[in-house]
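A.B. asks: After the C-alpha cells below, expect a handful of questions from me.
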Amino acid sequence: MNSVLIAILIMVVLSLCKLNVILALFIGAIAGGLIAGMNLNEVITVFTGGIVQGSEIALSYALLGGFAALIAYSGITDVLVDKILSILQRNQTKKARVIAKISIVLALLIIAMMSQNLVPVHIAFIPILIPPLISLFNELEIDRRLLAIVLTFGLTFTYAIVPFGYGQIFQNTIVKSFSNAGVEISFQDVAPNMLIPVSGFIFGLIIATWYFRKSRKYIDKESELATKKIRVSASTIVTAIIAIIVTFTVQFYTDSMIFGALGGIMIFFLSFRFKWSELDTELVNGIKIMAYIGMVMLAANGFAGVINETGDVTPLVNSISDILGDNKAFIVLGMMIVGLVVTMGIGSSFATLPIIAAIFVPMGAELGLSMSAIIAIVGTAGVLGDAGSPASDSTLGPTAGLNVDGQHDHIWDTCVPTFIFLNIPVVITGFIAGMIL
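In terms of our numbering, the sequence shown opens at residue 158 and continues consecutively.
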C-alpha cells in the first residue's frame, strides 16, 4: 500500500469531515510515515524540519494580516464601499444590481491576476481588499463560492501562462526541473506549451460563473476587521495610500513580504495620525486572522517533508504505469492524476514540480512523447491541486478574506468548488495537450 497515497487520502478525507486542516495534515503525515516504515520519532523530526523551512512564509502572512487590519482601521476602504452602497440605494433596479455584481467580479478577477505578474504581491492584497467589501457582497447577495473561484483562478491561471513575476519563477522551476532530470529546454518553450492546459481554467471559470449566478443570502455581521473605526479624514486616507505604496514598493525591491508589510505598518505608526495603543490593538487583531494561514502553511511544509522522505512518490507512479500498461492515453491520464494527488498533499505547485519532473521526464521520453507534450504534462501536473488543496495559499488566501464574518467554510465553500470547477477541467485539457502535442 503506497504511503504517499494513503497520507494524502487521510488528509483530504479528514478535511472534508471538517476536522481542522492542521490536525488533518499532522495525522496524514504520521500515517504516511509509519506506513512507509519510518518510526514515530523520525516522522516527527522530518515534520519539524519542514515546519522550520516554512517559518518565513508564516511570519509574512501574519504581518500582512496586521497591515490589512490597519488599512481597514484607517477607513480608506469604507469610503469606497459607502460610495458604492449609496449609488445602489439610489438606483434599486435589477439592472443596476446586475451591473454592480459583474463589475465587482471582473475587478476582483483583474486584481487577482495582476497580483501574480504586474504587481507580484500574491495573496497580500486579499486581507487588505476583501474584508471591507463583505458588507457590499452581502448587499448584492453575491455567492462567495464564486468569488473564491474567481480569486483562486487569478492566483493560479496567471503564473502558469504569463512568464513574468510569479510566472517567471514557476516556468523557471520547470526548466530547472527538466535540467535536473537530464533534459535541457529553454524558458521560451514553457508558456506556449501551457496554452492548451490552462484553457481548462477559463472553461471552468465560465461554467462556475453560470452555476453560481443566483443570489445567496448572508447575515450581516460585524467582521473581525470591522472593529472600531476612526473618523475618516483626508490625512488618514493619504497615510493609508502612502502605506500601501510603501508596502508594495519595499516588497518589490526586497522580494520580501515580511519587510514589505513592516514598511507599511511603520508608516501608520510614524505618521502620528493615530493613537499607538489603538494601532497596536488593531495590529494584533489582524495578525490573529492571517496567522492561521501561516500555521497551515507550516503544517503543510512538514507534511511535504514527510512525503518526500518516504520515497514513495516514484513507486506510486510506477505502480500506476504497471496497471495501465503501454496505453498512451491511460499513461498520460495517470500522470495527470499523480500530479493532482501529490500537489493536493503538498499544497504548492512550485514544490511539486521538481518531484514529478524527475519521474515524468524520463517516463515520457520512454513512451515516445514529444518534448512539447512532456512540458505540458509536467506543467499541468504541477499546477493541478494548487486550486483545490486545503493546504494551498491559493485557497487559504481567499478563505481568509471571505470568512472574516464566519460565513464561508474553507473546505466546502473554497476547496471543493475550486477543485470541481478549476482542477477537473484542467485535467481534461492537460490530457488533451499530452495526447496531441
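Beta carbons are placed, not taken as given, at the ideal position from N, Cα and C, and that holds for glycine.
Identify which residue in V561, I187 and T575 has its Cα closest to the Cα of S292.
C.D. replies: When only C-alpha atoms are compared, the closest one is V561.
A.B. asks: Counting C-beta neighbours from all protein chains within 10 Å, is the total for Y323 16 or more, i.e. buried, or is it exposed?
C.D. replies: So Y323 counts as buried.
A.B. asks: With a threshold of 6 Å on Cβ separation, who are the neighbours of L362 within its own chain once the five nearest residues in sequence on each side are excluded?
C.D. replies: Cβ neighbours of L362 beyond the five flanking positions: F310.
A.B. asks: Buried or exposed: where does R301 fall if 16 or more other Cβ atoms within 10 Å of its Cβ makes it buried?
C.D. replies: The residue in question, R301, is buried, as its Cβ has 16 or more Cβ neighbours within 10 Å.
A.B. asks: For F425 and T393, I'd like the C-alpha separation in whole angstroms.
C.D. replies: Between F425 and T393, the C-alpha separation is close to 9 Å.
A.B. asks: Looking at F358 and F314, is the spacing between their C-beta atoms short of 8 Å?
C.D. replies: Their beta carbons are under 8 Å apart, which means F314 touches F358 by this criterion.
A.B. asks: Would you call the CB atoms of I228 and A590 closer than 8 Å?
C.D. replies: Result no, Cβ atoms of I228 and A590 do not sit closer than 8 Å.
A.B. asks: I'd like to check one pair, L541 with S334: are the Cβ atoms closer than 8 Å?
C.D. replies: No. Outside cutoff.
A.B. asks: For P349, is the classification buried or exposed, using 16 other Cβ atoms within 10 angstroms of its Cβ as the cut-off for buried?
C.D. replies: Exposed, by the Cβ-count rule.
A.B. asks: As a quick exercise: from Q273, I342, L303 and I280, pick the residue whose alpha carbon is nearest that of V319.
C.D. replies: When only C-alpha atoms are compared, the closest one is Q273.
A.B. asks: Using a Cβ distance threshold of 8 Å, determine whether the stretch 414 to 433 contacts the stretch 215 to 232, with at least three qualifying pairs required.
C.D. replies: With a cut-off of 8 Å, the stretch 215 to 232 and the stretch 414 to 433 count as touching, because enough Cβ pairs lie within range.
A.B. asks: Measuring straight from C-alpha to C-alpha, what distance separates L166 and G185?
C.D. replies: One C-alpha to the other measures close to 8 Å.
A.B. asks: Among G554, I444 and S476, whose alpha-carbon lies nearest the alpha-carbon of I516?
C.D. replies: With distances taken between Cα atoms, I516 lies closest to S476.
A.B. asks: Can you tell me which of the three DSSP states C174 falls into?
C.D. replies: If DSSP states are grouped into helix, strand and coil, C174 belongs with coil.
A.B. asks: If I follow the unbroken alpha helix (DSSP H) through T396, where does it start and stop?
C.D. replies: Looking at the DSSP string, the run of the alpha helix (DSSP H) that includes T396 is A391 to T411.
A.B. asks: What separation, rounded to the nearest whole angstrom, lies between the Cα atoms of L303 and V262?
C.D. replies: So the alpha carbons of these two residues sit roughly 9 Å apart.
A.B. asks: Using 8 Å as the threshold, is the C-beta distance between G545 and I513 below it?
C.D. replies: Result no, Cβ atoms of G545 and I513 do not sit closer than 8 Å.
A.B. asks: Tell me the residue span of the alpha helix (DSSP H) that contains L308.
C.D. replies: Here the alpha helix (DSSP H) through L308 covers R301 to I318.
A.B. asks: Would you check if the distance between the CB atom of V499 and the CB atom of T537 is smaller than 8 Å?
C.D. replies: Against a cut-off of 8 Å, the Cβ pair of T537 and V499 comes out as no contact.
A.B. asks: Helix or strand or just coil, what does DSSP make of K371?
C.D. replies: K371 falls in the coil class under three-state DSSP.
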